[in-house]
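First comes the structure, then the notes that go with it.
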Amino acid sequence: MRSDRLDLRIEDLTVVYGGVTALDNVNITVPPGGFVTVLGANGAGKTTLVRSITSLLYLHKGRVRRGSITLGGESILGKKSPDIVKAGVAQVPEGRKLFPNLSVKENLLCGAASRSDVDAIDDSLELNLELFPQLRPLLNQTAGLLSGGEQQMVAVGRALMSDPALLICDELSLGLAPKIVHRLFELLTEINERRGTSILVIEQNASLALQHAADAYVLELGRVLIEGTADELRGNPMVQELYLGGGGEAHTSYAAIERPSRRPEAHGRRPPVSES
Ligand SMILES: Nc1ncnc2c1ncn2[C@@H]1O[C@H](COP(=O)(O)OP(=O)(O)OP(=O)(O)O)[C@@H](O)[C@H]1O
Ligand SMILES: [Mg+2]
112 MRSDRLDLRI
122 EDLTVVYGGV
132 TALDNVNITV
142 PPGGFVTVLG
152 ANGAGKTTLV
162 RSITSLLYLH
172 KGRVRRGSIT
182 LGGESILGKK
192 SPDIVKAGVA
202 QVPEGRKLFP
212 NLSVKENLLC
222 GAASRSDVDA
232 IDDSLELNLE
242 LFPQLRPLLN
252 QTAGLLSGGE
262 QQMVAVGRAL
272 MSDPALLICD
282 ELSLGLAPKI
292 VHRLFELLTE
302 INERRGTSIL
312 VIEQNASLAL
322 QHAADAYVLE
332 LGRVLIEGTA
342 DELRGNPMVQ
352 ELYLGGGGEA
362 HTSYAAIERP
372 SRRPEAHGRR
382 PPVSES
């Protein structure tokens with residue numbers, strides 16, 4: 112298991128798809144060994160953020176217009192994706208993206224493609240099976256035949272097979288039963304606390320993400336609208352209204368809620384979290 116803990120720093124990041132600005136001057140930090148969540152509605156720019164970190168923007172005709180992304184102080188912007196995996200970043204992509212015709216074991220081993228240390232790969236596989244014991248009897252099963260929850264475990268396990276310093280999960284909860292999502296978040300906490308792996312969780316399930324993360328950001332229309340500790344965001348009336356089901360029957364529509372300016376005067380600064 113890797114012993115180095117690396118911080119991820121995203122500074123002043125602006126990303127465009129042709130004429131569409133998907134991220135606008137975004138600043139996000141994941142401290143070494145941290146657990147951070149980025150919340151946001153559909154189209155907020157969450158997946159674009161992940162694509163920017165993992166250098167997969169080019170597959171979607173996107174490009175970084177300005178800004179920097181560093182891991183442990185080293186720039187990873189513009190590096191090839193396999194080099195970013197080697198540097199210590201692994202992702203569980205939105206929609207899992209398993210190889211449905213390969214077995215569970217083959218899918219897991221795909222995650223170790225950047226490594227050549229056979230014994231250490233075996234150790235990682237064993238660690239994964241300790242984390243997800245229900246996968247052990249399914250190792251030779253075709254991945255496409257597993258339940259959604261089991262497939263998500265394989266997707267997390269596959270990412271862990273690269274022995275990452277930072278694990279990024281894009282919409283882990285999508286389409287899964289609440290009980291399974293709860294268990295997955297508990298496992299992320301275990302990975303974070305026991306192994307020291309930094310976690311960046313991109314989520315629409317704000318309630319659960321804010322229970323497990325230490326720090327949180329709200330992205331809206333490509334900008335960081337709110338940031339703070341997860342406790343601060345849980346107590347923030349706007350977050351409660353927008354993401355935690357506040358307001359009961361009088362729940363204000365998403366578009367109608369009054370927000371602080373998304374164009375803060377000071378460069379790169381967000382409105383204070385305590386603002387109501
Ligand atoms: N390949 C693309 N070409 C053009 N525009 C794109 C492309 N991918 C995303 N966008 C636009 O960029 C913005 C951010 O999209 P993104 O997929 O990052 O949002 P998201 O927060 O992940 O949304 P969701 O919750 O639906 O997954 C949206 O306005 C989207 O339409
Ligand atoms: Mg997305």
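In the numbering used here, each residue's number is its place in the sequence shown (first place is 1) plus 111.
Ideal placement from N, C-alpha and C gives every residue a C-beta, glycine not left out.
It is roughly 47 Å from the alpha-carbon of Pro-248 to the alpha-carbon of Asn-136. Assignment of Ile-291 by DSSP, reduced to helix, strand and coil, places it in the helix class. Scanning the region 175 to 257 from its first residue to its last, the whole beta strand (DSSP E) runs of 3-plus residues come out as 200 to 203. Secondary structure note for Thr-158: it is in no beta strand (DSSP E), and the uninterrupted alpha helix (DSSP H) holding it is 157 to 164. By the Cβ test, the region 190 to 205 is in contact with the region 274 to 281, since at least three Cβ pairs between them sit closer than 8 Å.
For Val-141, the closest alpha carbon among the candidates Asp-123, Gly-151, Arg-116, Gly-156 is that of Arg-116.
Glu-205 has its CB nearer than 8 Å to a heavy atom of ligand 2. Judged by their CB atoms, Leu-277 and Ile-310 are nearer to each other than the 9 Å cut-off. Residue pairing by DSSP places Phe-146 opposite Ile-310 in a beta bridge. Gly-154 is the residue among Arg-120, Pro-143, Gly-154 whose C-alpha sits nearest the C-alpha of Leu-134.
Sorting Leu-213, Tyr-169, Gly-173, Glu-331 by C-alpha distance to the C-alpha of Gly-255 places Leu-213 at the top. In this structure Ile-139 is not in contact with Val-329, their Cβ atoms being roughly 11 Å apart against a cut-off of 8 Å.
Within 8 Å of the C-beta of Leu-160 there is at least one heavy atom belonging to ligand 1. By the beta-carbon neighbour count (other beta carbons within 10 angstroms, threshold 16), Arg-269 is buried. Distance from the CA atom of Leu-124 to the CA atom of Ser-163, rounded to whole angstroms, is 9 Å. Collapsing the DSSP output to three states places Ala-325 in coil. In this structure, Lys-190 sits near Ser-166, with a CB-CB distance shorter than 9 Å. In this structure, Gln-315 has its beta carbon less than 8 Å from a heavy atom of ligand 1. Beta bridge pairing from DSSP links Glu-122 with Ser-179. DSSP places Asp-342 in the uninterrupted alpha helix (DSSP H) bounded by 341 to 345. In this structure, ligand 1 has no non-hydrogen atom nearer than 8 Å to the beta-carbon of Gly-307. Counting C-beta atoms within 10 angstroms of its own C-beta, Val-127 has 16 or more neighbours from the protein chains shown and is therefore classed as buried. Ranking Asn-239, Leu-332, Asn-316, Gly-151 by CA distance to the CA of Glu-261 puts Asn-239 first.
Taking a contact as a CB-CB distance under 8 Å, the pair Leu-150 and Ala-317 counts as one, their CB atoms being some 5 Å apart. The DSSP-derived three-state label of Ala-133 is strand. Where Leu-271 is concerned, the enclosing alpha helix (DSSP H) starts and stops at 259 to 271. Here Gln-245 is exposed. Its C-beta has fewer than 16 other C-beta atoms within 10 Å.
With a beta-carbon spacing of about 6 Å, Leu-219 and Met-272 fall inside the 8 Å limit used to define contacts. Here the alpha carbon of Gly-339 sits roughly 10 Å from the alpha carbon of Arg-345.
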